Amino acid sequence: MGARWSNTALTPVDVAPVLAYKTSNSGTLSSKQKQLINESWKVVSRNMKEFGVEFFVRLFHKHAEYKNVFPAFRDENVEDLSTSIVLRAHATIVMQTIMASLKYLDDPEGLKRHLYRIVGIHHKSGVRKQHYQNMFDMMIEMLAEHNDSFGQLHYEAWYIVTNKLLVCIRQILDAIDAEYDT
Numbered sequence: 001m002g003a004r005w006s007n008t009a010l011t012p013v014d015v016a017p018v019l020a021y022k023t024s025n026s027g028t029l030s031s032k033q034k035q036l037i038n039e040s041w042k043v044v045s046r047n048m049k050e051f052g053v054e055f056f057v058r059l060f061h062k063h064a065e066y067k068n069v070f071p072a073f074r075d076e077n078v079e080d081l082s083t084s085i086v087l088r089a090h091a092t093i094v095m096q097t098i099m100a101s102l103k104y105l106d107d108p109e110g111l112k113r114h115l116y117r118i119v120g121i122h123h124k125s126g127v128r129k130q131h132y133q134n135m136f137d138m139m140i141e142m143l144a145e146h147n148d149s150f151g152q153l154h155y156e157a158w159y160i161v162t163n164k165l166l167v168c169i170r171q172i173l174d175a176i177d178a179e180y181d182t
């Protein structure tokens, strides 16, 4: 399945205005955008484990060095990871964490409390800002591929969501880095 925009596959030229939007708008989600987020997330919530495993396998294919963040996966072939019980469990937890994070989008302090421990644990493993950015980019790509009706409005809504998450994660990482510097 490919991403759809008016029943036509998206091209880099089509997405360029959305990418510009991505960097210029991290504002509040409208009720329509929240509806689009919830509708497009249904494909994940129906089978978090499978979506999560596919997500990590694709992420490791695109960014092979990310596998090194996980000691259990370092020496594993990416294709073999799709049957890994450890990856299946972690992938499910990550998808559940993202889903829970969606509830805090209008509550920056609540979102920060929700993510602080998780970001802290991953910081110790070497996960940094760019890792999260690439992770969210992959998630949006997969949401588009798994939702036939995913279009420009979905992209815009998800970019607002991921920008909010990234702002929060960056604040947490900056606070953690400041603690280590003192």
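Residue numbering for the sequence shown follows full-length UniProt numbering, beginning at 1 and increasing consecutively.
Positions of the beta carbon are idealized from the N, C-alpha and C atoms, including for glycine.
Every value quoted in this text rests on a predicted model; they were computed, and no experiment measured them.
- When DSSP states are grouped into helix, strand and coil, D80 belongs to the helix group.
- When C-beta atoms of the region 69-79 are compared with those of the region 94-107, fewer than three pairs fall below 8 Å, so the two segments do not count as touching.
- Taken atom to atom, the span from the alpha-carbon of Q152 to that of S30 is near 15 Å.
- Residues of the same chain with a CB within less than 7 Å of the CB of P108, apart from the 5 flanking positions on each side, are C168 in chain order.
- Closest in C-alpha terms to D80, from the list E65, S101, E54 and L102, comes E54.
- Burial is judged here by how many other beta carbons sit within 10 angstroms of a residue's own beta carbon; Y159 has at least 16 and is buried.
- Per DSSP, the continuous alpha helix (DSSP H) segment holding K164 begins and ends at Q152 to D181.
- For R128, the CB contacts under 8 Å within the same chain, skipping 5 residues up- and downstream, are L173 in chain order.
- Considered as a whole, the UniProt domain "Globin" (28-154) harbours no complete run of any beta strand (DSSP E) with no fewer than 3 residues.
- The Cβ atoms of L105 and K164 sit closer than 7 Å to each other.
- Three or more beta-carbon pairs drawn from the region 35-55 and the region 82-92 are found closer than 8 Å, and the two stretches are therefore classed as touching.
- Contact annotation, H123 with Y66: C-beta distance approximately 15 Å; criterion of less than 8 Å not satisfied.
- Of the residues F56, S149, Y155 and I121, the one whose Cα lies closest to the Cα of I140 is Y155.
- Counting every other CB atom within 10 Å of its CB across the protein chains shown gives S101 a total of 16 or more, marking it as buried.
- Approximately 19 Å separates the beta-carbon atoms of F60 and V44; this is outside 8 Å, ruling out the contact.
- For the 7 Å CB-CB criterion, V57 and S82 form a contact.
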